[in-house]
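Following: one structure in structure tokens, then a few remarks.
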Amino acid sequence: MSSALTLYNSLPTYLTVGALLFGLGVYGIVSRRTLIGMLIAAELILAGASLNFMAFNRFTAPDPVTGQVFALFIMAIAAAEAAIGLSIVIALYRQYKSIDAEDAVHLKG
Amino acid sequence: MTPMVPPTGPALFSVEGMVGMVFLVAVAMTLTGGLIASNAERLVRAVAGLIICFVGVAGLYFFLNSPFVAMMQILIYVGAVAVTIAFAIMLAAPEQANKPGSTGPLVGPFGFAAAALLSGALTVLVIRTDWPVREKITTGSVREIGIQLLTNHAMVFELVSIVLLIAILGALVIARGGREG
Chain A
0 MSSALTLYNS LPTYLTVGAL LFGLGVYGIV SRRTLIGMLI AAELILAGAS LNFMAFNRFT
60 APDPVTGQVF ALFIMAIAAA EAAIGLSIVI ALYRQYKSID AEDAVHLKG
Chain B
0 MTPMVPPTGP ALFSVEGMVG MVFLVAVAMT LTGGLIASNA ERLVRAVAGL IICFVGVAGL
60 YFFLNSPFVA MMQILIYVGA VAVTIAFAIM LAAPEQANKP GSTGPLVGPF GFAAAALLSG
120 ALTVLVIRTD WPVREKITTG SVREIGIQLL TNHAMVFELV SIVLLIAILG ALVIARGGRE
180 G
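Chains as they are written, first to last, in numbering that gives the first Met the number 0: chain A, 0 to 108; chain B, 0 to 180.
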């Protein structure tokens, strides 16, 4: 039973996908120049973390409810983060007419 | 079910084989969407990649015995978060010319190396570890999720609702400030 078609029934598959999502998110955050691009990459990282929780929930946790509840909480926090982050981006855009992260260095004071 | 299963695994056109194919499609959607989201030149395409990635992750949740969370993933992420980001792009991101030069030291090969190192190390760790398998004490159905959400996790549930309320109000206040009329 080691065919590629039975991968869905093993924990390392999901954890590897989660690790790859995390790596993609990190790469996006460090390489993006715009604030919205960084927010998109942060969503990727959150998706990777959430996928890890769900995978452990399915394969190792005794109570398969906990991980699902945690994933729901992660979704709520991610929604709040996106709302706040995007409103800050819009406020910055109104001030600087740009969403490039380097144009916001004036905020250092 | 079929007596003719080859020893390497299920045949491609058996039920198990089709399930495996659907899973591989979900994984491919997740990774392709993530690649587009983190590499696309234009932000609108990045958001489209993010949506593809979220749909793929919802498929993975479905394979993890959690159709409820899969549904919430599509509802909240694809339906709310991605649409909000798309609106923000429309409001705040004109097709600005990419300013050349003045890139930080982390852009390019160094950023790629950092990300590749992180995910590669995590993958090696995942594959080398012998994960324990424990018996389930519940089935994890939607009914049990609802019961636990309002008993064991009721405090966090209420706190999350307050956080969401404050976040929405704060977003309105921040985005409205400095606007005339």
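The beta-carbon is built from N, C-alpha and C at its ideal position, and this holds for glycine as well. Quick caveat, the model's predicted, so the values are computed rather than measured.
Could you tell me which of the options sits nearest to residue i, measuring between CA atoms?
i, options, result
"proline 131(B)", "Phe55(A), Ala78(A), Asp102(A), Leu14(A)", "Phe55(A)"
"glycine 58(B)", "Arg44(B), Thr128(B), Ile167(B), Ile73(B)", "Ile73(B)"
"tyrosine 76(B)", "Ile167(B), Cys52(B), Leu164(B)", "Cys52(B)"
"valine 46(B)", "Ala69(B), Phe86(B), Ala170(B), Val106(B)", "Phe86(B)"
"lysine 96(A)", "Thr33(A), Gly84(A), Ala41(A)", "Thr33(A)"
"phenylalanine 67(B)", "Ile165(B), Arg142(B), Ala170(B), Leu163(B)", "Arg142(B)"
"valine 24(B)", "Leu124(B), Ile144(B), Asn38(B), Phe61(B)", "Phe61(B)"
"arginine 41(B)", "Arg133(B), Ile88(B), Leu63(B), Ala27(B)", "Ile88(B)"
"phenylalanine 111(B)", "Leu34(B), Arg175(B), Leu163(B), Arg127(B)", "Leu34(B)"
"serine 37(B)", "Leu63(B), Val172(B), Val106(B)", "Val106(B)"
"phenylalanine 156(B)", "Ile87(A), Gln94(A), Ile76(A)", "Ile76(A)"
"leucine 210(B)", "Gly176(B), Ile84(B), Val26(B)", "An answer regarding residue 210(B) cannot be provided, because it is not within the stretch 0 to 180 covered by chain B."
"glycine 139(B)", "Ser9(A), Leu85(A), Phe69(A)", "Phe69(A)"
"alanine 170(B)", "Gln94(A), Lys107(A), Leu85(A), His105(A)", "Leu85(A)"
"threonine 128(B)", "Leu4(A), Ser9(A), Ala3(A)", "Ser9(A)"
"threonine 65(A)", "Thr122(B), Thr150(B), Met17(B)", "Thr150(B)"
"isoleucine 176(B)", "Leu106(A), Gln94(A), Phe21(A)", "In the sequence on display, residue 176(B) carries glycine and not isoleucine. Selected option, being the one with the closest Cα: Gln94(A)."
"alanine 115(B)", "Phe21(A), Ala3(A), Leu4(A), Ser2(A)", "Phe21(A)"
Quick one, are the C-beta atoms of residue i and residue j less than 8 Å apart?
i, j, result
"leucine 38(A)", "alanine 100(A)", "no"
"tyrosine 13(A)", "leucine 50(A)", "yes"
"glycine 36(A)", "glycine 17(A)", "no"
"leucine 168(B)", "isoleucine 89(A)", "no"
"glycine 32(B)", "glycine 55(B)", "yes"
"serine 65(B)", "methionine 53(A)", "yes"
"alanine 120(B)", "valine 29(A)", "no"
"alanine 79(A)", "alanine 166(B)", "yes"
"leucine 19(A)", "serine 118(B)", "yes"
"proline 98(A)", "tyrosine 92(A)", "Position check: residue 98(A) holds isoleucine in this sequence, whereas proline was assumed. Contact flag set, yes."
"arginine 133(B)", "threonine 15(A)", "no"
"methionine 71(B)", "leucine 71(A)", "yes"
"proline 11(A)", "valine 125(B)", "yes"
"alanine 81(B)", "isoleucine 50(B)", "yes"
"isoleucine 146(B)", "proline 61(A)", "no"
"isoleucine 173(B)", "isoleucine 87(A)", "yes"
"glutamine 67(A)", "isoleucine 161(B)", "no"
Using a Cβ-Cβ cut-off of 7 Å (strictly less than) and excluding sequence neighbours within five positions of residue i, which residues of its own chain qualify?
i, result
"proline 63(A)", "Asn56, Arg57"
"glutamate 15(B)", "Pro9"
"proline 108(B)", "none"
"alanine 39(B)", "Ala45, Gly48"
"alanine 40(A)", "Gly24, Gly27, Ile28, Arg31"
"aspartate 102(A)", "Tyr95"
Return helix, strand or coil for residue i, following the three-state DSSP convention.
i, result
"aspartate 62(A)", "coil"
"aspartate 129(B)", "coil"
"threonine 33(A)", "strand"
"glycine 180(B)", "Note on glycine 180(B): pLDDT 49, under 50, position unreliable in the model; the coordinate value appears next. Correct three-state label for glycine 180(B): coil."
"methionine 0(B)", "At methionine 0(B) the pLDDT is 49, less than 50, meaning the model places this residue with poor confidence and gives no usable figure here."
"methionine 0(A)", "In this predicted model, methionine 0(A) has a pLDDT of only 48, less than 50, meaning its place in the structure is not dependable; the value taken from the coordinates is given anyway. Coil."
Quick one: residues in its chain with C-beta nearer than 6 Å to the C-beta of residue i, no 5 flanking neighbours on either side, listed in chain order?
i, result
"leucine 23(A)", "Leu43"
"threonine 29(B)", "Cys52, Gly55, Val56"
"leucine 164(B)", "none"
How about residue i: is its C-beta nearer than 8 Å to some C-beta of chain D?
i, result
"valine 64(A)", "Within the model displayed, chain D is absent; protein chains A and B are what it includes."
If you drop the 5 nearest sequence neighbours on each side, which residues of the same chain put their C-beta closer than 8 Å to that of residue i?
i, result
"valine 43(B)", "Ala85, Ile88"
"histidine 105(A)", "Tyr95"
"methionine 154(B)", "none"
Original post:
Which residue spans inside the stretch 63 to 87 of chain A form an unbroken alpha helix (DSSP H) run of at least 4?
Top reply: none
Subject >> Start-end ranges of the alpha helix (DSSP H) lying completely within the stretch 34 to 76 of chain B, minimum 4 residues >> reply: 42 to 62, 66 to 71
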